[in-house]
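Per our numbering, the very first residue in the sequence shown carries number 4; after that it's consecutive.
Ideal Cβ placement from N, Cα and C applies to all residues, glycine included.
Quantities reported herein were computed from a predicted structural model and do not represent experimental measurements.
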Amino acid sequence: MSETAHGVLAGLDEIRDLGADPVRGGYSRHLWSTAELGLREWFVERATRLGLGIDRDRNGNLWAWWGEPGADAVVTGSHLDSVPGGGAYDGPLGVVSALDAVARLKARGFTPHRPFAVIVFAEEEGSRFGVACLGSRLMVGSLDPAVAGALRDRDGVTLADAARYAGEDPELFGPDPAALGRIGLFIELHVEQGRGLVDLGSAVGVASGILAHGRWRLSFEGEGNHAGATPMIGRRDPMVAAAAAILAVREAALARPGTRATVGRLEAVPGGTNVIPSRVQLWLDARAETDAEAHELVATIAARASASAFVEESWSSSVEFDASLRDRFAAGLGGVPVLSTGAGHDAGVLAAHVPSAMLFVRNPSGVSHAPGEFAELADCVAGTDALESLLVSVL
Ligand code: GLV
Ligand code: MN
Ligand code: MN
């Protein structure tokens, strides 16, 4: 194995045990959990060893600067949090590859001519507090810090309290024009979350855009009662209405080619096998090529689901990455494919504010947000090669 191959492998290997989930399989690395704090510590230690200077911004994002922070900086990185039972690559691959690219550049005596930083964004997956890309949204000002601070996790802990526990100051959360204003170019490397690059026969690709997507919480109310003592006729069982809504979600998306709608989380209150629930909540994830299509899809679902509450928890407009940057990068990498994705990313949030681009690394199965997520080592190395060469071209 070459020295550079070892760099990517070593990075992923060092964090292999952090947040491994023995129940779900894969990784559960939620914002400010023991696992996620451990990953932050690992990042700080790893970046410090590379001679980078750590800077914590006001919104829980971690920066590691090569030299002095400054304007028109090139910034690269991703996130370290995961979905429940997620894969090893979604997020960490971008961070590990960024650190590996720095190590290689330092090893070859390269000196950047622009400020340069590696970043770790907070709560990209929204798995703890329900809002995707929390750290980048707060930074760019698209999420009200008061609303964010009041978000609650599944145990009822507010984001503000969780932040204090983690040593952050939630009073400081909010738009950070100073941090955002320093970014002259953002590049996020990410494992591909589909089979696009497999079909195109390429280890690496450049992103063209991201589907519009959002999350909604649906509530169904009923009457809690005994599973054995209550006759079937006359029950008010909200699980039945929830089940009908789930079928409507699937039908609505199938009727609109290209759209996607998923119910991946459902909670019955109180949640006993021998108890008719008094309330069921489920969470809808809906995506489409355009904002209008996504909204139409959700409106159809809302009309068909007899929910007592239908609340938007997170919304991300469709993204088209800077076309000149995208084409320049794809050409600079020898004409690698340009492809879009159905997955959300901090680069998508930043794209509305600063020039942003993404690199994808082939995922042989296309599986993501599940333990089976994978990338061959040779493709990870090709990803770092690509990132390194783009960095050299812009630094
Ligand atoms: C994050 O990966 C998302 O697409 O929800
Ligand atoms: Mn993800
Ligand atoms: Mn990700």
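To the nearest whole angstrom, what separates the beta carbons of residue i and residue j, a pair I think is in contact under 8 Å?
i	j	result
residue 264	residue 255	6 Å
residue 233	residue 279	6 Å
residue 386	residue 207	6 Å
residue 105	residue 55	7 Å
residue 85	residue 130	7 Å
residue 185	residue 50	17 Å between Cβ atoms; not a contact.
residue 342	residue 210	7 Å
residue 241	residue 267	That pair is no contact at about 19 Å.
residue 171	residue 63	5 Å
residue 118	residue 159	41 Å between Cβ atoms; not a contact.
residue 372	residue 183	So it is not a contact: roughly 28 Å between Cβ atoms.
Below 6 Å CB to CB, which residues in the same chain sit around residue i once its five sequence neighbours on both sides are set aside?
i	result
residue 319	216, 347
residue 323	212
residue 177	148
residue 392	none
residue 288	218, 265
residue 96	194
residue 307	251
residue 155	161
residue 228	279
residue 57	47, 67
residue 173	152, 163, 166
residue 78	120, 122, 186, 189
Drop a sphere of 10 angstroms on the beta-carbon of residue i, count the other beta-carbons inside from all chains shown, and report buried for 16 or more, exposed for fewer.
i	result
residue 65	buried
residue 19	exposed
residue 379	exposed
residue 5	Reliability of the predicted coordinates at residue 5 is poor, the pLDDT of 44 falling under 50, and the value obtained from them is presented with this limitation in mind. Exposed, by the Cβ-count rule.
residue 248	buried
residue 302	exposed
residue 133	buried
residue 361	buried
residue 152	buried
residue 33	buried
residue 180	exposed
residue 368	exposed
residue 16	exposed
residue 168	exposed
residue 390	buried
residue 336	buried
residue 236	exposed
residue 382	buried
residue 150	exposed
residue 334	exposed
Taking a contact to mean a Cβ-Cβ separation below 7 Å, would you say residue i touches residue j in this structure?
i	j	result
residue 83	residue 108	no
residue 221	residue 310	yes
residue 223	residue 245	yes
residue 67	residue 191	no
residue 325	residue 358	yes
residue 283	residue 291	no
residue 363	residue 195	yes
residue 120	residue 165	no
residue 61	residue 162	no
residue 197	residue 103	no
residue 29	residue 89	yes
residue 230	residue 277	yes
residue 285	residue 269	yes
residue 189	residue 123	no
residue 110	residue 80	no
residue 92	residue 315	no
residue 27	residue 87	yes
Using a Cβ-Cβ cut-off of 8 Å (strictly less than) and excluding sequence neighbours within five positions of residue i, which residues of its own chain qualify?
i	result
residue 352	136, 139, 140, 143, 145, 319
residue 296	215, 259, 261, 262
residue 205	339, 340, 365
residue 395	108, 113
residue 317	129, 133, 134, 135, 217, 218
residue 40	169
residue 200	206, 207, 208, 340, 342, 363, 364, 365, 366
residue 253	264
residue 203	340, 342
Take residue i and list the residues in its own chain whose beta-carbon comes closer than 7 Å to its own, dropping the five residues that flank it on each side.
i	result
residue 8	Confidence is the limiting factor: at residue 8 the pLDDT is only 49, short of 50, which leaves the residue's position unreliable and the question unanswerable from this model.
residue 321	212, 213, 214, 215, 292, 293, 294
residue 48	none
residue 125	34, 62, 63, 64, 137, 138
residue 374	28, 29, 88, 90
residue 53	102, 105, 106, 109
residue 94	81, 82, 83, 84, 85, 127
> Hey, which residues come within less than 5 Å of ligand 3, measuring from Cβ to any heavy atom, in chain order?
Replying inline: 93, 94
> Within the structure, which residues are defined as neighbours of ligand 1 by a Cβ-heavy atom distance below 6 Å, reported in chain order?
Replying inline: Every residue passing the under-6 Å Cβ criterion appears here: 128, 135, 346, 347.
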